[in-house]
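Q: Here the sequence shown is numbered in the numbering used here, starting from 2 and rising by one per residue.
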Amino acid sequence: MPKLKSHSGAKKRFRTNAAGKFKHEHPGQRHLMAPLGNKRRRFLQGSSTLNGTDSKTMRRFLPYG
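(1) With leucine 45 and histidine 25 assumed to form a contact (beta carbons below 8 Å), what rounded beta-carbon distance in angstroms separates them?
(2) From what residue to what residue does the alpha helix (DSSP H) around arginine 61 run?
(3) So, for serine 7: in the same chain, excluding its five sequence neighbours on each side, which residues have a beta-carbon less than 6 Å away from its beta-carbon?
(4) Using the C-alpha atoms, what's the distance from glycine 66 back to threonine 72?
(5) On the DSSP letters alone, give me the boundaries of the beta strand (DSSP E) that serine 49 sits inside.
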């Protein structure tokens with residue numbers, strides 16, 4: 002069976018943790034942050050994990066990761 006290619010966009014945006022869940026940063030933090038409220042900016046900090054449905058899709062995109 003041939004090797005599977007990883008989705009290059011997903012490689013740049015998602016990482017797996019020790020439990021096998023996919024970790025990602027929140028989008029929308031690069032620029033145009035000035036009009037956002039402090040609460041919204043705080044929410045965008047840090048990272049979060051994908052839910053089960055999206056994780057299933059991500060397994061297809063990243064077969065080795």
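All residues carry an ideal CB built from backbone N, CA and C; glycine is no exception.
A: Per the coordinate set shown:
(1) So it is not a contact: roughly 12 Å between Cβ atoms.
(2) 53–62
(3) Leu63
(4) Limits of the chain in this structure are 2 at one end and 66 at the other, which puts residue 72 out of reach.
(5) 48–50
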